[in-house]
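Everything below concerns the one structure shown next.
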Amino acid sequence: MVRLNIYTKAFLISAGIFIIGIFIGMNVEKFVASDFISRTRYVEESVQEIELEMLYFQGLNETYSCNFLGEIVRRTNNNLDELSGQLSRYSETNVLFGGTDVENLKKRYTSLLIKDWILQERIKKMCGDKTVTILYFYDRRGCDDCIIQGNILSILKNSFREKIMIFPLDRRVDLSMIGVLMSRFNVTTVPSIVIEEKTYSGIVVGEKLERIACSILNENITACS
Amino acid sequence: MIRIIFYLLSAFVGIYINVWYMLLILENKSKLLTRKKAKKFPKVSILIPARNEEKNIGDTIKSVLSMDYPKDKLEVIAIDNGSTDRTSEIISTFKKVKLLSERKLGKANALNKGLSMATGEIVGTLDADTLVNKDCLKKTIWYFEDQSVGAVTNFVKVDNEKGLLGKFQKVEYAFSAITKKLISILNSMYTTPGTLSLLRRDIIQEIKFSNDTLTEDMDIALSIIKKGYKIVNSLDAVSYTIIPRGFRNLAKQRIRWYRGFIENTIKHADLMLNKRFPHLGFFIFPMAYITILIGIGFLSIVLLDFFNSLQLFIKSFFYIPIADQLSLVPGSIPRLDSILMSSYSLISFIFIFSTSFVLLLYSLKLLPLSRLYFYDKKRCKRDIALLPFYMLGYYFLIMLLWCFALFMELFRWKKKW
């Protein structure tokens, strides 16, 4: 009797430790999620701010604000970059407890990214800004080439810094706008890159991207020399 | 998702086993180191099968002959199993040792030959690479005063712990010694290793050592259990075994053991889920298979991730110059680095494992057992410090060997003793 009880006792103790472990893990997740959500909110607010300012400046037909707007968009893009890293880690780690929360966060993040891209395109037209904008379509799972392309883009971003803005779009995110952009730019495979309305499918090597960027920038910057 | 469920399930199994052992230790503290003096000394025949053991056989026989046991009650029979070296010649130099020769290869054949000549009421099986403590027999023989005891095994220490592999094996043997003692309390000891296991001659004469499986010591143990006898373990009687040196020898030994384990659980499948053997049939054997499968699962995940990363790493060189690769730091653009395990679930996982492990170590600390095994405090601490490495590196190595053993059994690979 006593011997058989040992199995039940062991089960109860293990279950206790197990539940505490899961509880700690879940709370860490919650903490990370809340941090992520507050940062997303901050970015959302700055996007709204840009939209408002653009509306105001467009009405006044003021062009002196270009530098100011460009700076805000760039800062937003940098914030989004940081969020992207956080989100990809968070989504990888929360498949068990995150569920729909993770999907919603991804959607919110992607919407912000697209909004930021649209704003940047408008600023480019409005102010003649020469920043290179890259739309990067990738797949989070089962795409080794996407990892390589991501690395290439990271290196490119490191050398061109604020002269290049990259908008990575995960095709798995359930957002109709992704489909719209993919069909508009004729993107059928991943990885694909869209630079100045031109689509490049498959891995685009760093040298080629540098050439394209330099021809667009047409500037004497260190990365192009 | 499947991966994380697998991690959590295995964490639960891991903690369950650790807690189960902890409870066993705590509930049986008084039974772990029982000592009694023998009232009578029955005649014991020690069987030493040997094949090409010229390096060790001399020392083994010397240690047996110097055991503190009435000389007229001790019979030593060495069986040369087709050696091509000086084994036979060395044995013949010991006048008190009966030398037999068995040309049919296989340890079981050699043991049966020895058994046919043995006159002792109790028979001991001893490998030619094992040394015994002087008091080994006296400290175990009293168990046979209980007529329900069919066999007694002892406490095996490592004789040559040189090198990292040797140290890992020492830690492994330490844990194995404790677990063997614990499961013997539950009458579930499923092996009588050749490190001086004592067996009742009348029982094994009926059963006989069998060549059906690669580990005749497990086969005979399970047969003894099935006959309704107990197999007990003595932590007081010590023998020293020579462990294999180098990976190749270790792999050879382990694959034989693991294949033997599989063969024996199949041969004695009637023990599984058998109410007569609740601990062995419902927990120990099923759990052994579950932990093996979990280990193989972990190994597969690690290898899969490693090869995927390697493939990606090699492929990257075609697109990214080496200098740039080195400058890469985890950036903001999704690079989708393969994450072995989710970091937050990892926190749960680490907590679960470490807690249960600490509990187990704590319960071990309550015993004089760890001192007994690790000789002194300093070495004990040093060996316990090795545990994390043991768990990581050696564990995966052992799992790799389990994979080979399973594969060989599945494809009925040729057996080698």
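Line by line, the protein sequences give chains A and B. Under our numbering, the final residue of the first sequence carries the number 235; numbering is consecutive throughout. Under our numbering, the final residue of the second sequence carries the number 418; numbering is consecutive throughout. Ideal placement from N, C-alpha and C gives every residue a C-beta, glycine not left out.
Exercise for the section: Would you identify the three-state DSSP class for T50/A, choosing helix, strand or coil? Expected result: helix
Problem - Top-ranked residue by Cα proximity to L185/A, from A25/A, Y17/A, T120/A - result: T120/A
Problem - Residues that V215/A contacts on chain B, provided the C-beta gap is smaller than 7 angstroms - result: Y320
Problem - Cβ-based neighbour list, V45/B, same chain, cut-off 8 angstroms, excluding 5 preceding and 5 following - result: Y70, K74, L75, E76, G121, E122, I123, V124, G125, L138, I142, L199
Exercise for the section: Give me the Cα-Cα distance between F177/A and L123/A, rounded to the nearest whole angstrom. Expected result: A direct Cα-to-Cα measurement between F177/A and L123/A gives close to 6 angstroms.
Problem - Best match in I47/B, L116/B, P287/B, A129/B for proximity to Y241/B [C-alpha to C-alpha] - result: The option with the nearest alpha carbon to Y241/B is A129/B.
Problem - Three-way DSSP call (helix, strand, coil) for T61/B in this model - result: helix
Practice task
Would you identify the three-state DSSP class for P335/B, choosing helix, strand or coil?
Solution key: Here the model assigns P335/B a pLDDT of 40, short of 50, so the residue's position is not dependable and the matter cannot be decided.
Handout entry: Short-range partners of chain A found in the stretch 305-317 of chain B, where Cβ spacing is below 7 angstroms
Key = L313, K316, S317
Exercise for the section: Give every residue of the same chain whose Cβ lies closer than 8 angstroms to the Cβ of I213/A, excluding the five residues on either side of it in the sequence, and list them in chain order. Expected result: When the five nearest sequence neighbours on each side are left out, the beta carbons in the same chain lying within less than 8 angstroms of the beta carbon of I213/A are those of D155, I158, Q159, I162, P201, in order along the chain.
Exercise for the section: Sort out for me which residues DSSP pairs F21/A with in a bridge. Expected result: In the DSSP output, where bridge partners are listed per residue, F21/A has none listed.
Exercise for the section: Output yes if chain B places a C-beta closer than 8 angstroms to the C-beta of I124/A; else output no. Expected result: no
Exercise for the section: For the stretch 6-18 of chain B, enumerate the residues whose C-beta is nearer than 8 angstroms to any C-beta of chain A, in chain order. Expected result: I6, L9, A12, F13, I16, Y17
Problem - Contacts that V20/B makes with chain A (C-beta to C-beta distance below 7 angstroms) - result: In chain order, A20, I23, S24 make up the part of chain A whose C-beta sits under 7 angstroms from the C-beta of V20/B.
Exercise for the section: List the endpoints of the continuous alpha helix (DSSP H) containing M400/B. Expected result: That run of the alpha helix (DSSP H) goes 396-411.
Practice task
Please check the pair I297/B and C404/B, which I expect to be a contact at CB under 8 angstroms, by giving their CB distance rounded to whole angstroms.
Solution key: 6 angstroms
Problem - the stretch 159-167 of chain B in contact with the stretch 78-86 of chain B per 3-pair CB rule at 8 angstroms - result: no
Handout entry: Per-residue burial, V57/A [other beta carbons within 10 Å of its own, 16 or more giving buried]
Key = Result: buried.
Exercise for the section: Out of R182/A, V42/A, R221/A, state which residue places its alpha-carbon closest to the alpha-carbon of L166/A. Expected result: R221/A
Exercise for the section: Starting from the beta carbon of F284/B, find every residue of chain A whose beta carbon is closer than 9 angstroms, and list them in chain order. Expected result: Neighbours of F284/B on chain A, chain order: Y17.
Handout entry: V197/A (DSSP reduced to helix, strand or coil)
Key = coil
Problem - Cβ neighbour criterion (16 or more within 10 Å) applied to T85/B - result: exposed
Problem - Short CB-CB distance (under 8 angstroms) between F147/A and chain B - result: no
Exercise for the section: Counting only the same chain and skipping the five closest in sequence on each side, list residues whose C-beta sits under 8 angstroms from that of I208/B. Expected result: I221, S224, I225, K228
Problem - Amino acids of chain B, ordered along the chain, whose beta-carbon sits closer than 8 angstroms to that of I162/A - result: Y320, I321
Handout entry: Bridge partner(s) assigned by DSSP for F147/A
Key = L179/A, S202/A
Practice task
Would you be able to state if there are at least three C-beta pairs under 8 angstroms between the stretch 5-16 of chain B and the stretch 309-320 of chain B?
Solution key: no
Practice task
State buried or exposed for V359/B, treating a residue as buried only when at least 16 other CB atoms are found within 10 Å of its CB.
Solution key: Result: exposed.
Problem - Cut-off 7 angstroms between Cβ atoms - residues of its own chain near K135/B, not counting five sequence neighbours on either side - result: S67, M68, D69
Exercise for the section: With DSSP as the reference, label L9/B as helix, strand or coil. Expected result: helix
Practice task
Could you give the DSSP three-state label for F318/B: helix, strand or coil?
Solution key: helix
Exercise for the section: Look at the Cβ atom of Y144/B, then the Cβ atom of V153/B, and state whether they are nearer than 8 angstroms. Expected result: yes
Practice task
Grab the span of the beta strand (DSSP E) containing E217/A for me, first residue to last.
Solution key: Where E217/A is concerned, there is no enclosing beta strand (DSSP E), although the alpha helix (DSSP H) it sits in stretches over 216-227.
Exercise for the section: Using a Cβ-Cβ cut-off of 8 angstroms, state whether D154/A counts as contacting chain B. Expected result: yes
Practice task
Check the Cβ-Cβ distances between F28/A and every residue of chain B, and say whether any is below 8 angstroms.
Solution key: yes
Problem - L25/B: contacting residues in chain A (beta-carbon distance under 8 angstroms) - result: I16
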